[in-house]
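Enquirer: Before I ask anything, let me first share the structure, which is written out below as structure tokens.
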Amino acid sequence: MAFFYIRNKKKPNTLFSTWGGSLPAALYMYDVLNNVSNLHTHAEGLVASAATLFTVCGHHRTMTKHSTLLIHQPSIYMAGDLKFSDLRDEYSNMQWYTKILLDIYKETTTMSYTELVNLIQNEKYLSAEEFLCNRLFLPQCFQCGLLIFGHLVQ
Numbered sequence: 047m048a049f050f051y052i053r054n055k056k057k058p059n060t061l062f063s064t065w066g067g068s069l070p071a072a073l074y075m076y077d078v079l080n081n082v083s084n085l086h087t088h089a090e091g092l093v094a095s096a097a098t099l100f101t102v103c104g105h106h107r108t109m110t111k112h113s114t115l116l117i118h119q120p121s122i123y124m125a126g127d128l129k130f131s132d133l134r135d136e137y138s139n140m141q142w143y144t145k146i147l148l149d150i151y152k153e154t155t156t157m158s159y160t161e162l163v164n165l166i167q168n169e170k171y172l173s174a175e176e177f178l179c180n181r182l183f184l185p186q187c188f189q190c191g192l193l194i195f196g197h198l199v200q
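The sequence shown lines up with residues 47 to 200 when you count with this note's numbering.
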């Protein structure tokens, strides 16, 4: 989708509602979307796992009032005969991916590194309001339902 907007020089807007997926693929898309100027990302429904990276690369970020997001630590599935060195290597890879995730989220939030570590260690779905209260999205580029730029509209 990002390529369409770049090629046609239209105002870039992206809409996301997804369970997530492959972290390496999401990191690729994050890099692509992060280089689109004035990108507006919009989350609707559930945006989970690796797909949350897409929402934080927008210069203007919105989500519907009843949307939920899930940020968690990377996971891996391993099967078959494994050697000790395989486990060691995968542990190292997971540490590396975790650091990349935390670094990306740290660039887009006012949360401390420790707060982010605590956030990703849980599998708790967060509402748009909780995300704003947790400062995961920088207030100057975030809107959701009744929450506009960090202020509740009555």
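Every residue gets a Cβ at the ideal spot worked out from N, C-alpha and C, and that includes glycine. None of the values given here were measured: they were computed from a predicted structure.
Buried or exposed: Val163, going by 16 or more other Cβ atoms within 10 Å of its Cβ?
Expert: The residue in question, Val163, is exposed, as its Cβ has fewer than 16 Cβ neighbours within 10 Å.
Enquirer: Do His105 and Ser83 have their CB atoms nearer than 9 Å?
Expert: Their beta carbons are under 9 Å apart, which means His105 touches Ser83 by this criterion.
Enquirer: Roughly how many angstroms lie between the CA atoms of Thr114 and Ala97, to the nearest whole one?
Expert: Cα to Cα, Thr114 sits roughly 12 Å from Ala97.
Enquirer: Take Asp77 as the anchor and find which of Glu169, Leu147, Gly126, Glu90 has the nearest alpha-carbon.
Expert: When only C-alpha atoms are compared, the closest one is Leu147.
Enquirer: For Ile122 versus Ser95, is the C-beta distance shorter than 9 Å?
Expert: No, the Cβ-Cβ distance between Ile122 and Ser95 is not below 9 Å.
Enquirer: Using the beta-carbon count (16 or more within 10 Å), is Thr160 buried or exposed?
Expert: With fewer than 16 other Cβ atoms within 10 Å, it is exposed.
Enquirer: Suppose the cutoff is 8 Å on Cβ atoms and the five residues either side in sequence are ignored; what does the same chain contact list for Ile150 look like?
Expert: Around Ile150: Tyr76, Leu99, Val102.
Enquirer: Please classify Glu136: does DSSP put it in a helix, a strand, or coil?
Expert: Note: Glu136 maps to helix in three-state DSSP.
Enquirer: Run through DSSP, which three-state label would Ala125 get?
Expert: Correct three-state label for Ala125: coil.
Enquirer: Anyone know if the C-beta pair for Glu90 and Met109 falls short of 9 Å?
Expert: In this structure, Met109 lies closer than 9 Å to Glu90 by Cβ.
Enquirer: If you compare alpha carbons, which of His86, Tyr74, Asn81, Leu92 is closest to Phe177?
Expert: Here the closest residue by C-alpha is Leu92.
Enquirer: With DSSP as the reference, label Ser173 as helix, strand or coil.
Expert: Here Ser173 sits in strand by DSSP.
Enquirer: What residue range does the alpha helix (DSSP H) around Leu85 cover?
Expert: Here Leu85 belongs to no alpha helix (DSSP H), and DSSP marks it neither H nor E.
Enquirer: Taking the alpha helix (DSSP H) that Met157 belongs to, which residues open and close that run?
Expert: It is not in any alpha helix (DSSP H) - Met157 carries neither H nor E in the DSSP assignment.
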